[in-house]
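Novice: Quick one: the structure is below, questions incoming.
Number of protein chains: 2
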Amino acid sequence: MKVQVTQENLARGLGIVGRVAGGRTSLPILTNVLISTDKNQLRLAATNLEIAITQLIGVKVETPGSITVPAKLISDFISSLPAGNISLEVEDSKLHIESDNYSSTINGVSAEEFPSIPTVESKEPLTIKTTNLKDTIQQTVVAASSDEARPVLTGAYLHSEDSKLYCAATDSYRLAERMVKNDFKKQVNMIIPARTLSEIQRIIDDQEELQLHYDESQIMVRSGDTELVSKLIDGKFPAYRQLIPAESEVTIKIAASELLSITKVAALFARESAGSITLEVDKDKQQVSIASVASQVGENTSTAQGKVQGSGKITLNSRFLIDALNVIHDDEVKLRFSSNSSPCILEPLGKEKGQYQHIIMPLRS
Amino acid sequence: MKVQVTQENLARGLGIVGRVAGGRTSLPILTNVLISTDKNQLRLAATNLEIAITQLIGVKVETPGSITVPAKLISDFISSLPAGNISLEVEDSKLHIESDNYSSTINGVSAEEFPSIPTVESKEPLTIKTTNLKDTIQQTVVAASSDEARPVLTGAYLHSEDSKLYCAATDSYRLAERMVKNDFKKQVNMIIPARTLSEIQRIIDDQEELQLHYDESQIMVRSGDTELVSKLIDGKFPAYRQLIPAESEVTIKIAASELLSITKVAALFARESAGSITLEVDKDKQQVSIASVASQVGENTSTAQGKVQGSGKITLNSRFLIDALNVIHDDEVKLRFSSNSSPCILEPLGKEKGQYQHIIMPLRS
Numbered sequence: 003m004k005v006q007v008t009q010e011n012l013a014r015g016l017g018i019v020g021r022v023a024g025g026r027t028s029l030p031i032l033t034n035v036l037i038s039t040d041k042n043q044l045r046l047a048a049t050n051l052e053i054a055i056t057q058l059i060g061v062k063v064e065t066p067g068s069i070t071v072p073a074k075l076i077s078d079f080i081s082s083l084p085a086g087n088i089s090l091e092v093e094d095s096k097l098h099i100e101s102d103n104y105s106s107t108i109n110g111v112s113a114e115e116f117p118s119i120p121t122v123e124s125k126e127p128l129t130i131k132t133t134n135l136k137d138t139i140q141q142t143v144v145a146a147s148s149d150e151a152r153p154v155l156t157g158a159y160l161h162s163e164d165s166k167l168y169c170a171a172t173d174s175y176r177l178a179e180r181m182v183k184n185d186f187k188k189q190v191n192m193i194i195p196a197r198t199l200s201e202i203q204r205i206i207d208d209q210e211e212l213q214l215h216y217d218e219s220q221i222m223v224r225s226g227d228t229e230l231v232s233k234l235i236d237g238k239f240p241a242y243r244q245l246i247p248a249e250s251e252v253t254i255k256i257a258a259s260e261l262l263s264i265t266k267v268a269a270l271f272a273r274e275s276a277g278s279i280t281l282e283v284d285k286d287k288q289q290v291s292i293a294s295v296a297s298q299v300g301e302n303t304s305t306a307q308g309k310v311q312g313s314g315k316i317t318l319n320s321r322f323l324i325d326a327l328n329v330i331h332d333d334e335v336k337l338r339f340s341s342n343s344s345p346c347i348l349e350p351l352g353k354e355k356g357q358y359q360h361i362i363m364p365l366r367s
Numbered sequence: 003m004k005v006q007v008t009q010e011n012l013a014r015g016l017g018i019v020g021r022v023a024g025g026r027t028s029l030p031i032l033t034n035v036l037i038s039t040d041k042n043q044l045r046l047a048a049t050n051l052e053i054a055i056t057q058l059i060g061v062k063v064e065t066p067g068s069i070t071v072p073a074k075l076i077s078d079f080i081s082s083l084p085a086g087n088i089s090l091e092v093e094d095s096k097l098h099i100e101s102d103n104y105s106s107t108i109n110g111v112s113a114e115e116f117p118s119i120p121t122v123e124s125k126e127p128l129t130i131k132t133t134n135l136k137d138t139i140q141q142t143v144v145a146a147s148s149d150e151a152r153p154v155l156t157g158a159y160l161h162s163e164d165s166k167l168y169c170a171a172t173d174s175y176r177l178a179e180r181m182v183k184n185d186f187k188k189q190v191n192m193i194i195p196a197r198t199l200s201e202i203q204r205i206i207d208d209q210e211e212l213q214l215h216y217d218e219s220q221i222m223v224r225s226g227d228t229e230l231v232s233k234l235i236d237g238k239f240p241a242y243r244q245l246i247p248a249e250s251e252v253t254i255k256i257a258a259s260e261l262l263s264i265t266k267v268a269a270l271f272a273r274e275s276a277g278s279i280t281l282e283v284d285k286d287k288q289q290v291s292i293a294s295v296a297s298q299v300g301e302n303t304s305t306a307q308g309k310v311q312g313s314g315k316i317t318l319n320s321r322f323l324i325d326a327l328n329v330i331h332d333d334e335v336k337l338r339f340s341s342n343s344s345p346c347i348l349e350p351l352g353k354e355k356g357q358y359q360h361i362i363m364p365l366r367s
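Just so you know, the protein sequences line up as chains A and B, in that order. Just add 2 to the spot in the first sequence (first one is 1) and you have this note's numbering. Just add 2 to the spot in the second sequence (first one is 1) and you have this note's numbering.
So, in structure tokens, the structure goes:
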């Protein structure tokens with residue numbers, strides 16, 4: 003293989019695919035990036051066997067060929083070089099890299115030993131607006147679990163119901179659900195790993211729409227010259243809908259920023275008690291007050307005004323409430339609950355009204 | 003104690019003194035900040051028994067008094083509050099904090115149990131230009147040791163010699179020396195902990211000059227309403243001057259940015275060999291080339307043009323060369339050495355010419 007490429011293109015491409023290479027892996031070749039010519043382009047690819055990313059970049063191919071080299075080393079190296087032309091040449095299992103003042107050899111491994119990169123092409127892919135997809139990912143992934151003991155909870159559940167497309171994630175202590183599409187006729191039902199969604203968010207560029215290709219076990223997304231393929235999570239997502247009460251006895255409508263700021267302050271005093279804070283909604287005073295008590299260090303009460311119906315108390319994990327408020331973009335939110343033994347529901351009241359809900363299970367106070 | 007204070011002043015003051023509180027300490031009260039009234043001001047103080055910082059802030063004192071409370075909690079708490087007036091009131095060993103929507107109690111410890119904060123007032127303090135002091139600290143502290151086994155090397159040596167004031171630091175593998183004052187008549191000789199110098203750099207504000215008060219065992223610096231007192235390091239600094247050769251056989255004058263960039267690239271290939279890179283200065287080609295070999299991963303050679311006298315090779319720790327180049331502000335530098343068994347000297351060639359030198363001991367290649 004011999005190609006001419008610009009430092010800018012190669013550095014950008016390696017940056018995109020490099021993130022899935024390496025990490026904790028028992029297969030050393032997965033720390034490498036696959037570099038191969040593809041007609042008059044260069045294909046960069048990396049995989050962790052769950053997610054694979056490939057990136058095509060424009061190059062001048064003098065001799066076709068391929069090799070794999072350590073992803074981190076070549077990525078750090080190429081991004082340290084000044085802008086300009088770079089020549090890449092494979093000889094045996096070595097990659098020679100030449101540019102104006104730099105000459106390097108990186109020891110590689112034959113491309114034949116690299117796992118094959120799968121792809122999926124649906125006849126009828128899902129088309130989603132990019133902004134919508136970005137918001138959906140941001141607003142749901144936060145509630146996904148990181149506990150590998152229950153794999154289905156480490157993903158987000160993309161599914162159709164009542165002619166709508168929803169995305170939901172839960173770690174069993176909290177749940178986030180976002181409506182992705184209205185008036186949706188297809189039948190869709192898949193659990194996408196949260197990590198895959200985060201990587202998809204990273205590769206989305208300025209395009210207006212994105213197409214989601216999928217089959218029984220995989221999804222594929224293409225953005226510009228980048229292609230991401232991921233396994234889906236096998237299993238059945240919990241029937242969460244029945245857990246969300248339609249009505250609640252206590253409701254407060256409040257500025258999201260004020261609720262966030264009093265929650266953050268209360269959280270400082272809740273470090274000893276694993277983040278436990280108690281919200282008291284008071285109809286007479288039309289306010290919510292948040293109390294946290296750290297027996298060792300002291301105690302705090304913070305209050306904010308809102309529009310209140312009903313009075314009551316609920317004890318929540320402050321981190322969950324902060325996480326939820328951080329992903330809601332609307333200025334005003336509604337928080338509702340009935341008692342300390344039923345869920346607390348947080349919803350946006352602006353543009354996103356009716357599209358998103360975030361449910362937090364109470365702590366025993 | 004009862005005082006009224008603005009959130010802005012209190013948050014700023016706690017931010018300044020808070021950094022020396024806490025850390026690894028066997029004396030729990032050192033994680034606290036001392037809060038006490040001082041006439042019509044509030045004095046905040048923290049100490050780690052090596053460095054103490056006190057900060058005066060303007061307040062409205064209703065009742066004088068004092069208390070100590072956990073520095074991190076009160077600092078995080080006050081900085082989370084919105085701007086505006088805050089009331090602080092001590093009752094028994096509790097500090098009550100009230101502002102518009104927030105009401106907190108922090109459990110404290112009596113101020114009597116707090117170590118006394120020393121001070122030093124010299125009749126003839128050293129006066130140093132702030133910009134000069136900042137550069138001196140930045141350019142010397144980088145070479146100080148972090149190995150507590152040889153305490154004198156964890157500090158910077160401020161000393162007079164030949165009517166000049168110098169500051170020097172070394173970890174025995176490299177040495178940085180900066181001339182602080184010319185035409186200096188006093189006799190000065192002290193070893194200031196590197197950590198103290200970093201803290202001094204942090205508290206210096208926009209004033210033009212700074213006065214260094216000192217006695218046998220302590221120094222004190224005052225900047226605005228902030229006062230820092232630190233112990234000096236007891237011991238004898240190595241007689242380093244004799245180790246710096248006046249002349250070298252090989253010299254290259256080169257753009258600092260180019261030398262830095264080829265060193266950084268070479269360092270990527272030197273991770274396996276503990277950062278070891280070999281510089282080859284070539285008189286015929288008027289260039290320096292840096293080679294690094296990582297037997298496992300590959301090898302690299304980078305070159306840059308310069309004005310060369312003499313030819314030769316030297317093997318250095320790439321991190322030390324990067325550190326040195328990062329603290330030199332001039333565009334052009336001179337690098338000189340005689341062989342791989344004598345020191346390599348790096349000097350700025352612009353405004354800072356003659357004021358700074360950075361010596362790096364070679365590695366056995």
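All C-beta atoms in this analysis are idealised placements derived from N, C-alpha and C, irrespective of residue type, glycine included.
Hey, how far is the Cα of G352(A) from the Cα of D185(A)?
Specialist: Each residue's Cα considered, the two are about 21 Å apart.
Novice: In the DSSP output, what is A326(A) paired with across the bridge?
Specialist: Answer by DSSP bridge pairing: none, since A326(A) is not bridged.
Novice: Could you check the C-alpha separation between Q289(A) and I256(A) for me, to the nearest Å?
Specialist: When rounded, the distance between both Cα atoms is 9 Å.
Novice: Can you give me the start and stop residues for the beta strand (DSSP E) that T280(B) sits inside?
Specialist: S278 to D284 is the span of the beta strand (DSSP E), which, as asked, contains T280(B).
Novice: Leaving out five residues on either side along the sequence, give the residues of the same chain with a beta carbon under 7 Å from the beta carbon of G300(A).
Specialist: So the list reads F271, once near-sequence residues are dropped.
Novice: When DSSP labels each residue in this structure, what does N302(A) get in the three-state scheme?
Specialist: N302(A) falls in the strand class under three-state DSSP.
Novice: Please state whether the Cβ-Cβ distance between S1(A) and Y242(A) is less than 8 Å.
Specialist: Absent from the structure is residue 1(A), since the part of chain A shown begins at 3 and ends at 367.
Novice: Using only CA atoms, which one of P127(A), P117(A), I69(A) and Q140(A) lies nearest to T107(A)?
Specialist: When only C-alpha atoms are compared, the closest one is I69(A).
Novice: Put K74(B) into one of helix, strand or coil per three-state DSSP.
Specialist: It is helical.
Novice: According to DSSP, simplified to helix, strand and coil, what is D137(B)?
Specialist: D137(B): helix per DSSP, three-state reduction.
Novice: Looking only at C-alpha atoms, which of K96(A), I139(A) and S101(A) sits nearest to G86(A)?
Specialist: Nearest option by C-alpha distance: S101(A).
Novice: Nearest-angstrom Cα distance between L167(A) and G60(A)?
Specialist: Spanning the two alpha carbons is a distance of roughly 37 Å.
Novice: For P84(B), count neighbouring Cβ atoms within 10 angstroms of its own Cβ and tell me buried if that reaches 16, exposed if not.
Specialist: P84(B) should be labelled exposed.
Novice: Can you name the residues of chain B whose CB is closer than 7 Å to the CB of K266(A)?
Specialist: Near K266(A) (Cβ distances below 7 Å), the residues of chain B are S82.
Novice: Using beta-carbon positions only, say whether V283(B) and S340(B) come within less than 8 Å of one another.
Specialist: Going by C-beta atoms, V283(B) is not nearer than 8 Å to S340(B).
Novice: Is the Cβ of I108(A) closer than 8 Å to any Cβ of chain B?
Specialist: Yes - at least one Cβ of chain B is within 8 Å of the one on I108(A).
Novice: With distances taken from CA atoms, which of E249(B), T49(B) and Y104(B) is nearest G33(B)?
Specialist: First, the amino acid is wrong: residue 33(B) is Thr here, not Gly. When each option's Cα is compared against that of T33(B), the closest is T49(B).
Novice: Report the option in L337(B), S200(B) and S275(B) whose CA atom is closest to the CA atom of G249(B).
Specialist: In the sequence as presented, Gly is not what sits at residue 249(B); that position holds Glu. The residue with the shortest Cα to Cα distance from E249(B) is L337(B).
Novice: Compare the C-beta of G300(B) against all C-beta atoms of chain A and say whether one is closer than 8 Å.
Specialist: Chain A, which has a Cβ nearer than 8 Å to the Cβ of G300(B), makes this yes.
Novice: If we cut at 8 Å on Cβ distances, does S340(A) have a partner in chain B?
Specialist: Judged by the 8 Å Cβ criterion, S340(A) is not in contact with chain B.
Novice: Should Y75(B) be flagged as near chain A, meaning a C-beta pair shorter than 8 Å?
Specialist: Just to set this straight, residue 75(B) is Leu in the shown sequence, not Tyr. Closer than 8 Å: yes.
Novice: Quick check on A269(B): buried or exposed, where buried means 16 or more other Cβ atoms within 10 Å of its Cβ?
Specialist: Classification for A269(B): buried.
Novice: Are there 16 or more other CB atoms within 10 angstroms of the CB of L36(B), so buried, or fewer, so exposed?
Specialist: L36(B) is buried by the Cβ-count criterion.
Novice: Can you grab the Cα-Cα spacing for the pair A145(B) / L199(B), in whole Å?
Specialist: Their backbone Cα atoms lie some 13 Å apart in a straight line.
Novice: Below 8 Å, can you find three or more Cβ-Cβ pairs linking the region 126-141 of chain B to the region 190-208 of chain B?
Specialist: Cβ pair count under 8 Å is three or more, so yes.
Novice: Is it a yes or a no for the region 167-178 of chain B touching the region 218-233 of chain B, going by three-plus beta-carbon pairs under 8 Å?
Specialist: Touching, no, given that fewer than three Cβ pairs across the two stretches are closer than 8 Å.
Novice: Does any CB atom of chain B fall closer than 8 Å to the CB of L337(A)?
Specialist: By this cut-off, L337(A) is not an interface position.
Novice: Count the other CB atoms within 10 Å of the CB of I246(B); is the residue buried (16 or more) or exposed (fewer)?
Specialist: That one is exposed.
Novice: Using a Cβ-Cβ cut-off of 8 Å, state whether Y168(A) counts as contacting chain B.
Specialist: Judged by the 8 Å Cβ criterion, Y168(A) is not in contact with chain B.
Novice: Which residue or residues does DSSP assign as beta-bridge partners of V223(B)?
Specialist: DSSP output for V223(B) lists L214(B) and L230(B) as bridge partner(s).
Novice: Within the 8 Å Cβ cut-off, does T305(B) reach chain A?
Specialist: True, the Cβ-Cβ gap to chain A drops below 8 Å.
Novice: For E78(B), go through chain A and note every residue whose CB falls closer than 7 Å to its CB, in chain order.
Specialist: At residue 78(B) the sequence reads Asp, which differs from the Glu that was named. What D78(B) touches in chain A: L270.
Novice: Using beta carbons (cut-off 8 Å, strictly below), is S68(A) in contact with chain B?
Specialist: Taking Cβ atoms only, chain B never reaches closer than 8 Å to S68(A), which makes this a no.
Novice: Applying a beta-carbon distance threshold of less than 7 Å, which residues of chain B neighbour P72(A)?
Specialist: Under the 7 Å cutoff, chain B gives V299.
Novice: From the DSSP output, which residues share a beta bridge with L348(A)?
Specialist: Bridge partners of L348(A): L337(A) and H360(A).
Novice: Would the region 347-366 of chain B count as touching the region 328-337 of chain B if we require 3 or more Cβ pairs under 8 Å?
Specialist: Yes, they touch.
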